[in-house]
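K.L.:
Here the protein sequences line up with chains A and B, keeping their order. The opening position of the first sequence corresponds to residue -7 in this note's numbering, with each subsequent residue numbered one higher. The opening position of the second sequence corresponds to residue 2 in this note's numbering, with each subsequent residue numbered one higher. Below you will find the structure I want to go over with you.
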Amino acid sequence: KNEVEQSPQNLTAQEGEFITINCSYSVGISALHWLQQHPGGGIVSLFMLSSGKKKHGRLIATINIQEKHSSLHITASHPRDSAVYICAANTGNQFYFGTGTSLTVIP
Amino acid sequence: DAGVTQSPTHLIKTRGQQVTLRCSPKSGHDTVSWYQQALGQGPQFIFQYYEEEERQRGNFPDRFSGHQFPNYSSELNVNALLLGDSALYLCASSLMTQGYEQYFGPGTRLTVT
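Encoded structure:
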């Protein structure tokens, strides 16, 4: 069993839709990261969370420490949001990554 | 302010050969972590360097080794390459006192034939 599980694996949405990606983890964490990876490989760090909720533009990330669960929400999705979104659990010693959620937003 | 840079961008090697990948951290960062990402998979932690020493290591064989230089840049070396070593190798930098936030480089795509 992977230390970090994401769902769904693949997601297709119409432009403007509200999107939710879920992440569950089984390890004790110092922080939970949401990353965005575009085709070609470059990774951008979107959020680092240790509690509560963070918002950046149309992106919102929440975490429930007791339930070991985090969600990434995208409001008013746009085709440029199409990418792979990866959840990563930071134990303080190392990172455990989910396999990613591939998002395609159709115009 | 340059972010994390990696070189080369792409690399093709033959089984049994050795390869060296390079990473320059974001300005002001002192810690470098290396990750391997196989096609269609999430990244896997290889190891982390701080103060020129390997501080943490993931589940990778000794064929994978590294180095950190006084200017905080780092190298990843892989010996006796296998076909299964073909992957995107990502470097991330951070500041040890704020180690939870990492900045990723664009990666080096290694193909072993």
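Glycine residues also receive a C-beta, built at the ideal position from the N, C-alpha and C atoms. It should be emphasised that the depicted structure is a prediction, and the values quoted were computed from it without experimental measurement.
#1: By the three-class DSSP mapping on this structure, what secondary structure does Thr98/B have?
#2: Per DSSP, what kind of secondary structure is Leu82/B in: helix, strand or coil?
#3: Leaving out five residues on either side along the sequence, give the residues of the same chain with a beta carbon under 6 Å from the beta carbon of Thr21/B.
#4: By the three-class DSSP mapping on this structure, what secondary structure does Arg72/A have?
#5: Note down, in chain order, all residues in the region 37 to 70 of chain A with a beta-carbon under 7 Å from any beta-carbon belonging to chain B.
#6: Taking the straight line between their C-alpha atoms, what separation do you get for Phe10/A and His30/A?
#7: Closer than 9 Å, CB to CB, is Glu102/B near chain A or not?
#8: Is Gly17/B close to chain A, meaning its C-beta is less than 9 Å from at least one C-beta of that chain?
#9: Tell me, please, whether the CB atom of Ala93/B is closer than 9 Å to any CB atom in chain A?
#10: Could you give the distance in angstroms between the alpha-carbon of Phe105/B and the alpha-carbon of Leu95/A?
#11: Whose C-alpha, out of Ile35/A, Ser18/A, Ser74/A, is nearest the C-alpha of Ile57/A?
#12: Suppose contacts are defined by Cβ-Cβ distances below 9 Å. Is Gln(-2)/A in contact with Cys79/A by that definition?
#13: Hey, how far is the Cα of Glu59/A from the Cα of Asn14/A?
#14: Does the Cβ of Pro44/B have 16 or more other Cβ atoms within 10 Å, making it buried, or fewer, making it exposed?
#15: Assign Val113/B to one of three DSSP states: helix, strand, or coil.
P.N.:
Quick answer:
#1: helix
#2: coil
#3: Glu76, Asn78
#4: helix
#5: Ser37, Met40
#6: 20 Å
#7: yes
#8: no
#9: yes
#10: 20 Å
#11: Ser18/A
#12: yes
#13: 12 Å
#14: buried
#15: strand
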